[in-house]
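Accompanying notes for the structure given below.
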Amino acid sequence: MSMNVQPDLEFIKDMKSAGGDTLKKCFQCATCSVVCPLSTDGNPFPRREMVFAQWGLKEKLVGDPNVMLCHQCGDCTTYCPRGAKPGDVLGAIRAYAYKHFGWPKGLANLASSGKNLPLLIGMPAVIILVVWIISGGLHFPSAEDFGRYGYGHFFGHWDFNLLAKNVFFIDLIILPTVALSLYAAYRGVSNMWRLMAENAGVGQPLYRPSASQFIKEFLWPSVVEIVQHTRFKKCTTNADRLKGHLPLLLSFLALFFVTAYSAFTQDVIGIFIPEMHGPMSMWNPVKILANVAAIALIVGVGILWGNRARKEAEGKATPTFYDWFLIWMIMGVGVTGLAAELFRLIGVVSVGYIIYYLHLVSVMMLFLYMPYTKFAHMVYRTFAMAFERYRESAYVKSPLAE
Amino acid sequence: MSDTAGTGAVLVVGGGISGLTAALEAAEVGNDVFLIEKNPYFGGRVAQLNQYFPKLCPPTCGLEINFRRVKDNRRVRPYTMTTVKSISGGPGNYEVQLVTAPRYVNSNCTACGDCARVCTDEIDNAFNFGMNKTTAIYLPHEMAFPRRYVLDKAACSPSCLEAIKGACKYNAIDLDMQPETFTVKVGSIVWATGWNPYDATRMDNLKFGQSPAIITNMMMERMAAPNGPTSGQILRPGDNKEPQSIAFVQCAGSRDENHLEYCSYICCMATFKQMTYVRERYPDAQIYVFYIDLRTPGKYEHFREKLMADQKSQFIKGKVADIISEADGGVTVVAENAVTGAKIQQKVDLCVLATGMQPALGDNGRALGVRMDGNGFVVSDPDKGQIAAGCAKSAADVYTSAQSSTAAALKAIQIGR
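Protein chains in written order, with the working numbering: chain S, 1 to 402; chain A, 403 to 819.
Rendered as structure tokens:
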């Protein structure tokens, strides 16, 4: 009898490129599942995920909520008797899953390799440059105009009150980007959910939660847990990361609010009261919040940057493009954003405009690559946590059946 | 007498089962042998066992005959409390400086025990891993060879020393004894320095030392031994409870890059052997064995099969990675069963860590220029007349140690011929 064994080289390569090639050292002693502060009695991990990965059971892995529930505290890696680094392996599986669920495939593949970095930066850079040229705004304004409107005339100005020219061109870039990103995330999460339900043997539930029930019972509690960093706080070995992730997440929430507020006041109320256009006063509470958030963002990602660099220097983590790309992108957004504001305040038009251009490029990158890079954990982990609740709920486990 | 240059004399460092075997094999074919031992007695780790596996005979079986052979063979010159200070020269012509620490008891001693009866100061009994106390002047254990008391002078008050000296009818107490350095000329050196149990406190997640219910496998040997701290009873230290449930934690420090990266070879068999100790005393006790793999090579498979048929024993494939102290004096061991994928929290009365073997020579060997591997095992260098034997060479059972010691003797006697 002969058996045709075909090793899945692609999967191995993917694992390797995302820092998970140590997985073959695992000898299944299960130390990791015990020392993991997030693993539960009924559903321990990551020992099982390690053997799935060794066997190349990709479908099991991408539809396994544990892979997403792992926060890479690193206790497993510290105590692993074999140096198999389960924490890094699960990180690599997550990277693989984002790519696996990514749509369109080409973009997902592009965003998963450091070799494509020139293209990854080049595409948004060219798109924004072309739009800048088309808009006719590609020149430095007078110092007076800059002082009055800041970057409000980056894409030029027209006398059409209902929609400012700048808003039009920014929306032209950002709205399709966000739409693509949201659709890709929705698609990916739906596919993951389906696989998770299949693997967990959920089958056809007797009752399906309505959208509002789903949000109220599963999604919202997960979001609250994420914001409170409940699981992160259990990661005692990697406590330094909490100091970075918490301000970072809060700054994202604050900046989301600031952006929404600013869009509303300037682009909606601004239609009727043109004075609303232009930079906010530095003493506007919303502006203060924005500045605090910007600093929190840079400090937060800086802490994560330092933390990761130190762990790599100590040999406790493997340097990967997957991990660094997100750190670079967020740092890029934060530094260019704050620098653009500073140059506006000191009135240096030329440098300010160029930095603002880079800011737009980095923001577009962050949105565009969200569903495929490490940033995707924002949606995938949230829904995995919702699935964890759903799996244990009465929709799946009939209380009468037990 | 020590001028043995050019005669093909052998220095055997370590007087456990391996050193005794190597020394006797070399001496019985006509070579002069210096056999040195750091402890005040010969027999090493074997002397501390309750029984050998797989035949379950006591250590007197084997050690006694070897002691007899040493006594009868004038070519073996045994020295206790003696260590190597420096090595010079080369193969066939080594000059080795040895130091004998003061025993404070000379060869007049008849082991009558009068001194111990008047001794008021006590020390931890190292032979029993500190599980009980002994008088500061003591016979290391019942079958100690040489059969002579030893005094821990530093632990004694002047009045106690006075009483001890006064009690000895044979003028055997010599409080002015000094460390003695002497040189031997040998052709080759056999390293039979053996092993130490791996320090269990280094596995912080296994909480050794934080609950008396957590003991090591070597402590279990002493408890089960008739001459041990509990006269052969297996009781939980501290409250002397008769354990009704016992967990064995395999690979406690072995096969672990953070501790001993190699398999210590004997721990699986030691656990199976200790299961028989438990069964003998507690026919109804529940036994749980947590393991990664059960390694019982060769004929030991039969031993494993027999013990795995035990109805009241469970074998769980999964390493214990956390131990929690309980209020009632017991502990809960935590593991994941890798076969079922469920996490197990098993509460037990007593928990035995199957700690592994760490080569005992350590940094002392490196300072003396002995060739060692990354784990501290001695690597034989026959061309240089330095040969490893027993557990100094690799983690091994008694049977394999005896084989490697005979092999080492054969290598050693070929130097300088």
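Every residue gets a Cβ at the ideal spot worked out from N, C-alpha and C, and that includes glycine.
Since the model is a prediction, treat every value here as computed from it, not as a measurement.
Integer Cβ distance of residue i from residue j, believed to fall under 8 Å
| i | j | result |
| --- | --- | --- |
| leucine 219(S) | histidine 229(S) | With a Cβ gap of about 17 Å, leucine 219(S) and histidine 229(S) do not count as contacting. |
| alanine 428(A) | valine 412(A) | 5 Å |
| valine 501(A) | lysine 487(A) | 5 Å |
| threonine 734(A) | glutamine 747(A) | 5 Å |
| alanine 92(S) | alanine 18(S) | 4 Å |
| tryptophan 593(A) | alanine 769(A) | Not really, about 14 Å apart at Cβ, beyond 8 Å. |
| cysteine 562(A) | threonine 536(A) | Not confirmed; about 14 Å, so no contact. |
Cutoff 6 Å; reference residue i; Cβ partners in own chain excluding five residues on either side
| i | result |
| --- | --- |
| alanine 672(A) | Asn619 |
| glutamine 202(S) | According to the sequence displayed, residue 202(S) carries valine and not glutamine. Hits under 6 Å: Val396. |
| isoleucine 330(S) | Val301 |
| valine 379(S) | Ala185 and Val189 |
| glycine 445(A) | Leu465 |
First through last residue of the beta strand (DSSP E) which encompasses residue i
| i | result |
| --- | --- |
| lysine 745(A) | 744-750 |
| isoleucine 789(A) | 788-790 |
| threonine 583(A) | 582-588 |
| threonine 485(A) | 484-492 |
| isoleucine 726(A) | 724-727 |
| valine 651(A) | 647-654 |
| tyrosine 702(A) | Looking at the DSSP string, tyrosine 702(A) is not in any beta strand (DSSP E); the run it does join, the alpha helix (DSSP H), is 702-710. |
| leucine 437(A) | 435-438 |
| aspartate 526(A) | 524-526 |
| glutamine 760(A) | 759-761 |
| proline 480(A) | 478-481 |
Closer than 8 Å to chain S by CB, residue i
| i | result |
| --- | --- |
| lysine 721(A) | yes |
| isoleucine 539(A) | no |
| serine 404(A) | Bear in mind that a pLDDT of 49 at serine 404(A), under 50, signals an unreliable position, so the number given afterwards is only what the model happens to contain. No - not a single Cβ of chain S is within 8 Å of the one on serine 404(A). |
| glycine 743(A) | yes |
| aspartate 765(A) | no |
| isoleucine 726(A) | no |
| valine 800(A) | no |
| isoleucine 616(A) | no |
| glutamate 738(A) | yes |
Chain A within 8 Å of residue i, Cβ atoms only
| i | result |
| --- | --- |
| serine 350(S) | no |
| cysteine 235(S) | no |
| arginine 48(S) | yes |
| serine 112(S) | no |
| glycine 83(S) | yes |
| aspartate 41(S) | yes |
| serine 2(S) | no |
| glycine 20(S) | no |
| threonine 77(S) | no |
Spatial neighbours of residue i in its chain, beta-carbon cut-off 7 Å, leaving aside the 5 residues before and after
| i | result |
| --- | --- |
| asparagine 43(S) | Asn66 |
| lysine 60(S) | Phe52 and Asn199 |
| methionine 403(A) | With a pLDDT of 45 at methionine 403(A), under the threshold of 50, the modelled position of that residue is not reliable, and no figure is offered here. |
| phenylalanine 169(S) | Val131, Ser135 and Phe155 |
Neighbour-count burial assignment, residue i, 16 or more Cβ in a 10 Å radius
| i | result |
| --- | --- |
| lysine 13(S) | exposed |
| arginine 82(S) | buried |
| tryptophan 404(S) | Residue 404(S) lies beyond the stretch modelled for chain S, which goes from 1 to 402, so this question has no answer here. |
| threonine 741(A) | Going by the sequence as given, residue 741(A) is valine instead of threonine. Valine 741(A) is exposed by the Cβ-count criterion. |
| isoleucine 269(S) | exposed |
| serine 362(S) | buried |
| aspartate 159(S) | exposed |
| threonine 22(S) | buried |
| isoleucine 288(S) | exposed |
| glycine 152(S) | buried |
| glutamate 392(S) | exposed |
| glutamine 635(A) | exposed |
| tyrosine 357(S) | buried |
| glutamine 760(A) | buried |
Host alpha helix (DSSP H) of residue i (start-end)
| i | result |
| --- | --- |
| glutamate 346(A) | Look at the range of chain A in this structure, 403 to 819, and you will see that residue 346(A) is not part of it. |
| tyrosine 679(A) | 669-683 |
| glutamine 635(A) | Counting along the chain, glutamine 635(A) falls outside any alpha helix (DSSP H), and DSSP gives it neither H nor E. |
| glutamine 54(S) | 47-55 |
| asparagine 307(S) | 285-313 |
| alanine 127(S) | At residue 127(S) the sequence reads isoleucine, which differs from the alanine that was named. Per DSSP, isoleucine 127(S) belongs to the alpha helix (DSSP H) from 117-135. |
Same chain, Cβ closer than 8 Å to residue i, five either side skipped, listed in chain order
| i | result |
| --- | --- |
| tyrosine 395(S) | Pro205, Leu206, Tyr207, Arg208 and Pro209 |
| glutamate 312(S) | Thr318 and Pro319 |
Check: residue i C-beta below 7 Å from any heavy atom of the ligand FMN
| i | result |
| --- | --- |
| leucine 465(A) | Because no ligand of any kind appears in the structure shown, any question about the ligand FMN cannot be addressed here. |
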